[in-house]
Amino acid sequence: MRLELRQVTKKFGDFVANDAIDLIVEPGQIHALLGENGAGKSTLMNVLYGLYAADDGQILIDGAEVTFSGPGDAMAAGIGMVHQHFMLIPVFTVAENVVLGAEPIGPFGMISIRRARALVTEISARFGFDVDPDAPVEDLPVGVQQRVEIIKALSRSAKVLILDEPTAVLTPQETDELMDIMRQLRASGTSIVFITHKLREVQEVADTITVIRHGKVVGSASPQTSQADLASMMVGRQVDLTVEKTASTPGPVVVEVAGLTLVGPDGRLLLDDICFSVSAGEILAVAGVQGNGQTELAETLIGLRRPTSGSILLHHSDAAGRPVTEDLAGKSVSAILEASVGFIPEDRGKDGMIAGFSIAENLVLDQVASKPFSRRGTLDVAAIAANAADKVTQYDVRAASPSSTVATLSGGNQQKVVVARELSRDLALLIACQPTRGLDIGSIEFIHSRILNQRAAGTAVVLVSTELSEVTALADRIAVMYRGHLVGIAPHDTARHVLGLMMAGVPYDEAMSPDQSGEPGDPGQGGPQ
Amino acid sequence: MSTTLTQLRAEDLHHEVLRPRSWKLPIALTVFTLVSLAGFCFTTPAGATSRVAIATGNSWLGTLIWSLPSQSALVVLTVIMAALAGAGWWASLRRVTRVGIVKIGSWTSVVFGICFVSAFLVWAVAGRGSVLQFTSLLSGALFLSVPLVFGAMAGTVCEHVGVINVSIEGQLLAGAFMAAVVGSLSRNPWIGLLTAPLAGAVIGALLALFAVRYWVDHIIVGVVLNVLVTGLTSYLFSTVLTHNTAVFSSTVRLPTWKIPLLSQIPVIGPVLFVQNVLVYVMYVVVILLQVLLFRSRWGLRLRACGEHPRAADTLGVKVNRTRVLNTILGGAIAGLGGAYFTIAHGLAFGKQMTAGRGYIALAAMILGGWKPKGALVAALLFGFADNLQNALGVVGVQVPSQFMLMAPYLVTIFAVAGLVGKVRAPAMEGKPYKG
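Just so you know, the protein sequences line up as chains S and H, in that order. Sequential numbering from 1 applies to the first sequence in my numbering. Sequential numbering from 1001 applies to the second sequence in my numbering.
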């Protein structure tokens, strides 16, 4: 099936998300759609999948124009989509999820579970998946859930499969396996639209690359194009992909975490005997697949959760400059902030700022009760405004005025506000969680350089990130978490596939051993069967 | 290919995770054991007997009346209760949740509840001349639970599709009104029964209009609708109905049917199969919903809309249409239950005659874990507790009515203490789907 988009335009109010986009997907081809966060890739695919109505333009299948009034039409036309946030119903079984909307009907008009099961088993067998049709989806790991999504699309005989940022939730090994699946699908005649912003993956698997920037197609490229060239097409200027990082010169130990254990209210072990230390002028990255305890670790360090046991010793200097050691475990958030700890939360919209407050107010949220921003219980508006003017220039926050609400800012500028606030104090320890999630490359570069500045100034940094490229770019050492457990701490130059194995729970020594360190592209057990 | 995904070596990493102990169940059981000991055992005179009619003349067994020595029976029951409480302490202390296929939490509380209620009944009729009619105690309970069951079914359908239906109360009331007025106009209870769902459906449609179409908070719309229906029916009652009683408020009554053979099964026969027509309708509704919600295409799509509407949308299910239609259906089910208040009893309509049963139905739905069969059991429990005062009144027991009014809530305490399992509401209930 040949799919063609002509001059597709989609507007949200005044904002043009897709501006006259042309795209041709040839049969049996993996077509990568490359672009930064917010470039309009997902919007385009939602138009193609019938979720949004295009304001202008045509969709042609094998040369004939089609109109989709909903996803049902798109599916009927042979288009399947695996969404970035899975469209699976957690309490349903795999089989129920796969047949929903196209249920096989058995006796008495009931759903034939037997046929639904057979459908899942048949497609799983074709691609060598091992998926239990009767397992509730919520009990499956994300990698398997993604396969359920693929089975769902294939069960509706999709000829074109759209994969929207499919690797965001996967370990490197799972990513490699997914690419094998993509090649298998291509071999069986399915074309794939592969949406991503990761250059390495595009080079590895794509046949053709279309680059989108600010809602417009800026060109196409072949997989042989260098990463630097792809990046500059994507961003629109020369990008330096490697972060300038000097060799680490760690000072004295700043924070020592020992035996940190956290049991959740439902009795689940969220953090299991975590031990590590970070020195001044050092970045310890905490890597792992989303949901393996990193969030809980950060929240425990900053005092949002009270650990069940363990200690967090912080060595810093008090107001008079004398060295002190404090155990932060069980202390209140304000006491921990007072002990010169900074925190960049992973969800800036929810935990990092107050959307309806102005930029100026958000910049002093943590210091609003003390001098110089308030005196005798009254806000010093002039001091707050002066601080805002200063920070907005320093951090290049693009806003109409410091008094506009942060809700009006783009994601990158919002994050700059959060970072500006957190770095405005002298920090002994900075905890940065997913500091660049969802940002454009310009903002990413900026925030990375600010974190490196902190390192140079002698702050100990704990960087929690699920982006492996960010981890390897910034870290001095890499701690890998798996199911609340610290699998190990690896040096910053550890190979990608070793980190991948550790993210699946394999200890460092074992991951480094020769029988595990096969070629990165080959997961060992993979390959068409 | 999937080996790296499935063999995640969890066993190497995980220590045994200790469940936190829960003391709710053993504490509740102990308290009620003590109540039984002090309140029942010690206050019963020695030598008194309690007479309970287990079966009546019509059954295959003939008439069967037990004469129990009250004190011995109470001691036996209290010892069983103490043993169950002990088992509860043991299970909590050792973190045992099940023995074989028996779940400790639910089974101990169910058996305990039966023992406690039996002890209460034995105590209440001890030394009296009259006989406690066991079957009428149960069949009365079933009959009283009818509006609760219909209401809970309405709630279950609506919540599974993602709409919180607080207007069950109003739907019951509208159904009661419609059934009575139409029944009276037509002099035919069957026509009344058929129109009752229409009235409920109209309220359901209003709920759907505001909740689904205009994204108004579901609970607020529900409460407003309840007030609206109360006001409207009360107004019509005092203007139209009372001025022309002969036309609008003459009473009609749905018949009570006795199913041949089945009704002669000892104990359960007269309970289940000598009932008002509305009770048989209820059986059908509960069984249909239990099967269809979890096994049919309609049910799967409906639940998808309540769990993850966006996912349902991406699969071509029209979310808001499904929500509207099934909210109307839910209203119709509650409206049908409203007929209980009037034509099932042969009563004319009265102001606010539903008296909060719609809210109790909502509680039954939650206690039943959003499942039709669970909601049925919960509603029966409430109905039983409600009926105790009638049954005891007949025997001539003087229990303060305030205490009897507490009974449903005592039942709830037991049920909730035993409900340690995971019961979850549909994930996206009450959240508008904006496409």
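By construction, the Cβ of each residue, glycine as well, lies at the ideal position given by its N, Cα and C atoms.
| Query | Result |
| --- | --- |
| Any C-beta of chain S under 8 angstroms from that of Val-1149 (chain H) | no |
| Chain S within 8 angstroms of Gly-1316 (chain H), Cβ atoms only | yes |
| Proximal residues to Val-1271 (chain H) (C-beta, below 8 angstroms), its chain only, five neighbours per side dropped | Thr-1135, Leu-1138, Ser-1139, Leu-1142 |
| Span separating the alpha-carbon of Asp-522 (chain S) from that of Arg-496 (chain S) | Reliability of the predicted coordinates at Asp-522 (chain S) is poor, the pLDDT of 40 falling under 50, and no value is obtained from them. |
| Per DSSP, cross-strand counterpart(s) of Thr-378 (chain S) | S:Arg-375 |
| Three-state secondary structure (DSSP) of Leu-140 (chain S) | coil |
| Secondary structure of Phe-1032 (chain H), DSSP reduced to three states | helix |
| Length of the line joining the Cα atoms of Ala-1176 (chain H) and Gly-72 (chain S) | 42 angstroms |
| Cβ pair count under 8 angstroms reaching 3, the segment 171 to 184 of chain S against the segment 102 to 117 of chain S | no |
| Cutoff 8 angstroms: Ser-1067 (chain H) Cβ touching any chain S Cβ | no |
| is_contact[Ile-478 (chain S), chain H] using C-beta, thresh 8 angstroms | no |
| Start-to-end residues for the alpha helix (DSSP H) that takes in Ser-334 (chain S) | 333 to 338 |
| Among H:His-1345, H:Thr-1049, H:Thr-1108, nearest to Val-1131 (chain H) - alpha-carbon criterion | H:Thr-1049 |
| Chain H contact for Pro-71 (chain S) (CB, 8 angstroms cutoff) | yes |
| Assigned exposure category for Ala-1046 (chain H) - 16 Cβ within 10 Å defines buried | exposed |
| Ile-1366 (chain H), buried or exposed, once every other Cβ within 10 Å from all chains shown has been counted against 16 | buried |
| Length of the line joining the Cα atoms of Val-1212 (chain H) and Thr-190 (chain S) | 39 angstroms |
| For Gly-215 (chain S), the first and last residue of its enclosing beta strand (DSSP E) | Here Gly-215 (chain S) belongs to no beta strand (DSSP E), and DSSP marks it neither H nor E. |
| Cutoff 7 angstroms; reference Ile-30 (chain S); Cβ partners in own chain excluding five residues on either side | Met-182, Arg-186, Ile-192, Phe-194, Val-205, Ala-206, Asp-207 |
| Classification of Ser-1070 (chain H) by the beta-carbon crowding that lies within 10 angstroms, buried from 16 upward | buried |
| CB contact below 8 angstroms: Ala-1311 (chain H) versus chain S | yes |
| Separation of Ile-61 (chain S) from Pro-528 (chain S), as counted between CA atoms | Any reading at Pro-528 (chain S) needs caution, since the residue's pLDDT is 36, under 50, leaving its predicted position unreliable; the model's value is listed next. Cα to Cα, the separation comes out at about 30 angstroms. |
| Spatial distance of Gly-13 (chain S) from Gly-412 (chain S) (CA atoms) | 21 angstroms |
| Ala-1082 (chain H) versus Pro-1147 (chain H) - alpha carbon distance | 36 angstroms |
| Collapsed DSSP secondary structure at Gly-1369 (chain H) in the structure displayed | coil |
| Residues within the segment 111 to 123 of chain S neighbouring chain H, beta-carbon criterion of under 9 angstroms | Ile-111, Ile-113 |
| Contact set for Leu-1405 (chain H): own chain, Cβ-Cβ below 6 angstroms, skip 5 residues either direction | none |
| Beta strand (DSSP E) runs wholly inside the segment 92 to 150 of chain S, at least 3 long, in chain order | none |
| Proximal residues to Gln-1007 (chain H) (C-beta, below 7 angstroms), its chain only, five neighbours per side dropped | Low local confidence applies: a pLDDT of 35 at Gln-1007 (chain H) is under 50, so the model's placement there is unreliable, and no value is given. |
| Proximity of Val-471 (chain S) and Ala-298 (chain S) at Cβ, strictly below 8 angstroms | no |
| Candidates H:Ala-1119, H:Thr-1033, H:Thr-1030, H:Val-1125, of which the one nearest Gly-1396 (chain H) by Cα | H:Val-1125 |
| Whole beta strand (DSSP E) elements within the segment 404 to 481 of chain S, 3-residue minimum | 429 to 433, 460 to 464 |
| Where Pro-1266 (chain H) sits in the DSSP three-state scheme | coil |
| Identity of the residues DSSP links to Met-81 (chain S) by a beta bridge | S:Ile-162 |
| Nearest neighbour of Val-91 (chain S), chosen from S:Arg-421, S:Asp-139, S:Phe-127 [CA to CA] | S:Asp-139 |
| Contact residues within the segment 1294 to 1308 of chain H, judged by C-beta distance below 8 angstroms to chain S | Arg-1295, Ser-1296, Arg-1297, Leu-1300, Arg-1301, Arg-1303, Ala-1304, Glu-1307, His-1308 |
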